[in-house]
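Numbering (the numbering used here), first residue to last: 3 to 1044. Where is the CB? At the ideal position from N, CA and C, for every residue including glycine. Here's the structure, in structure tokens; my notes come after.
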């Protein structure tokens, strides 16, 4: 009886708190205080609160890479409320401050690249200040939909129209909504803030359920960085967790009674109408009904979709789902029944290809798993088994008993997957891990390595078509470097028929697998809106930010195929000459000088080895030896500092905090600002003395250290700056911006985050700028650097096939230096490009490069020439040619001014807006001669040649023509010229008359045979002629490399 009474009392409490209404049938949770977005994935047992207790990470610098500044580790991202309830648990208030799930304490990040970070405010440096029509590269656009979609009403927002590959990490798409411009709609929206009426409809394809407690699907984060209405998550069991913020300030969460399907495209419709929520799932393109659930509440929800931003997928607060998002529509002011929602599955062919890919890969993974298991375990030979198959071949190879009973379907599968069985039979499977998932991935890697070895041969490009099936099998095993190779092959037609659909498929598959180059490829294509990818900066940011956040960590990972990303242009012979290897002349000379005690040589040698620069393979252990030798034998403060950092980190050497601190103080006493910052880091991390840490950081910042600026920002973000109460995101943002301007990676990432969310007044929302900043960091990734370095090494060795392969792989990620280098290779070897590439290589990659931030001026000149002359199937376009030359001129390239002047000389009219763009005085616009003078003068002033240049000669020639024209227009000169010409003619006539009168007429005579023969004789005797033929002659028989 006592137990029944307690249960009745508990039910009454539920009703009073506004749980399920009379029609409710969901599991629910309610709470007394609002909950933080940051702990959505944490259970109420306290895991998220404990994780949130630690403050954001400050940083010490890393060993220098060629410049002096060190680099810092990103601070932990944080919110202000406690954990969201786990499904089925009663909501309990909390006060922890959760942070970015990927942040780890104690990590250090080395300095950012020497290249300047794009400016945070105003226009980015380079091209962005040009005329708007120049900003987007021409290219194929998406074909119109075959079905006629009704026009969107004012309250309908299409948040996503193209598939988004969600890798299950802490990145996603950020969307922000303005107020309605229509007064009536805005008034309606305000009236419904406490009685929400809206609908969300989205397509999903899930590969797995959540690996944590909760994974983000779609959720609202308010201006205080706290969850709002609605917030939809996926649980580890496959249920939907829907959370709302109540008018009275509390939060309420509900868990559906059904689980969502895996590896099926399904549409999820959630409609809110006051306190009633209707959740509907429908499977497939025909929207076959799957589940429907109605949940009613007596509580009032608060809903203001303009006071924050929506996130699709993951964020710094919670990981996203593993799978794909399809079309997503948001009806801001209407609660609709599923039949009233128009949200079809767009990109139907692509969606179907995604489904087919994972169905095939499930079969491949099963085969690989069974093969690996057979190789590791073996079985009992059965005499009755006489069927010859690949499994028996495997058993004979390893001397294992037969297991043919386990494989009754072998013949069918062998015919279906011939390349897979061939690869497995040739592989040593005894070395693979015993864990099933790890073994499949390991085998996929082995298949990929074998395929790449064939591609790196002298005729590697010729092998592509035969290698593709092996790459497909490797991709199915989860080794997504193979997915990226396939995407590039199909998108560029690299010795395979060009297939944009297959290219998109493998790009998305690789992006979902978190393959770095695939994600960068997707980010770039959506950033520019090319190759049939829609222009979508928020979607581009989702991909770029994923790789950008990994780049600082990747740079300090000793393992992996990584190299420092260097800007080395194949047209620059001087830079190519200093590229070296461990047995190269430059490296050996540096090693000789370093051995003799040359501090500069020791530092440069250590940098090359530590970061993998200038063609030298990354070797941190060898680098540390040179750091130690230089620090202990010389008084060079940079070497002392670098070795101190190595000792603090224990990277490749045993940690020695005492000696590290001693060396750090020594370097700081010599005035090295990195060391001053390092002391601040030491007192913050190990002594928890924030006042002393801030003192050192303020001093280092005055000395120009970007790490110190970043660390001061972290103190303000965490609210622990001495003497300053509370958190100050505005001041933190200012410090992060200053650090970003100094090239600090994490500072740049914070700025990109502020620009995409727009939650700080000092950083107004600007998705394009957010992409530019995230792209800048992502392109420093060491895995991309490794691909670029392989292409450069192949080029230097004259291996044209391999050079073209790796530069195509790098160029498709969107990095400018690889695009221009690839176009240069295609100019040098047009036969190779025409034979193996399905795209117009020179046109495509020079065209891509001119739409990059800080594109080189020579790329504009190249495109100007291509537009001027026309190229292959591209027609001549003088207007675009003028624009390209003008952009080169704006960058200070004398050739741009010279080419514009030549166009005017040929009769081309330069539009007035171009002349204004070049800041040519408007009073000169009507006079071509005045414009020519101005252009030639600027050409001369921007010329780098000390002696006479084409610009100076053209300028001189123009003035001579003007002088001669002035002379010809003078009446006096006409009279004198006519008079002198008359006198000359008269004298000439008189002279010839006198000569003809004095000479007698010639007498006829017969020439003798001897005379005729003598006349016909060669001018050179036969002996002399033979002598000349024996002399060597100079010829031009040099062949292109390769």
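Start and end residues, alpha helix (DSSP H) containing residue i
i	result
residue 275	Note, residue 275: premise wrong, no alpha helix (DSSP H); beta strand (DSSP E) at 267-275.
residue 827	818-830
residue 891	880-892
residue 860	859-871
residue 900	896-907
residue 467	466-478
residue 421	420-427
Separation of residue j from residue i, as counted between CA atoms
i	j	result
residue 702	residue 172	32 Å
residue 790	residue 213	35 Å
residue 717	residue 198	39 Å
residue 311	residue 760	9 Å
residue 569	residue 304	52 Å
residue 280	residue 266	21 Å
residue 521	residue 952	46 Å
residue 180	residue 308	6 Å
residue 892	residue 899	9 Å
residue 38	residue 247	Low per-residue confidence applies at residue 38: pLDDT is 48, beneath 50, and the placement is therefore not dependable enough to give any value.
residue 704	residue 865	44 Å
residue 334	residue 290	26 Å
residue 376	residue 445	14 Å
DSSP-derived helix/strand/coil call for residue i
i	result
residue 434	coil
residue 985	helix
residue 253	strand
residue 558	coil
residue 923	coil
residue 238	coil
residue 339	coil
residue 376	helix
residue 246	strand
residue 506	helix
residue 534	coil
residue 646	helix
residue 952	helix
residue 348	coil
residue 759	helix
residue 726	coil
residue 682	helix
residue 450	helix
residue 545	helix
residue 876	strand
residue 176	strand
residue 329	strand
residue 804	helix
Beta-carbon separation (whole angstroms), residue i vs residue j, contact threshold 8 Å
i	j	result
residue 328	residue 165	6 Å
residue 367	residue 479	6 Å
residue 244	residue 232	7 Å
residue 934	residue 903	5 Å
residue 1	residue 237	Absent from the structure is residue 1, since the part of the chain shown begins at 3 and ends at 1044.
Where the beta strand (DSSP E) through residue i begins and ends
i	result
residue 292	290-298
residue 281	278-285
residue 943	Looking at the DSSP string, residue 943 is not in any beta strand (DSSP E); the run it does join, the alpha helix (DSSP H), is 930-944.
residue 217	216-224
residue 160	158-162
residue 201	199-210
residue 673	No beta strand (DSSP E) holds residue 673; DSSP gives it neither H nor E.
Min CB distance residue i to chain B below 8 Å
i	result
residue 452	Included in the structure is just one protein chain, with no chain B present.
Checklist line | Touching by the beta-carbon criterion (3+ pairs, under 8 Å), the region 258-271 and the region 193-207 | finding: Taking a contact to require three or more Cβ pairs closer than 8 Å, the region 258-271 and the region 193-207 qualify as touching.
Next item on the list: State whether the region 290-300 contacts the region 220-231, with contact taken as three or more CB pairs (one from each stretch) at a distance under 8 Å.
Entry: no
Check: So does the region 709-716 actually touch the region 673-689, counting three or more Cβ pairs closer than 8 Å?
Finding: Taking 8 Å as the limit for Cβ pairs, the verdict is that the region 673-689 does touch the region 709-716.
Notebook entry, point to check: Should the region 480-492 be called in touch with the region 503-523, which here means at least 3 C-beta pairs below 8 Å?
Noted result: yes
Item checked: Any 3 or more C-beta pairs closer than 8 Å across the region 174-187 and the region 315-330 -> yes
Notebook entry, point to check: Should the region 778-786 be called in touch with the region 807-822, which here means at least 3 C-beta pairs below 8 Å?
Noted result: yes
Next item on the list: Taking 8 Å as the threshold, find out whether the region 535-550 comes into contact with the region 727-746 through three or more Cβ pairs.
Entry: no
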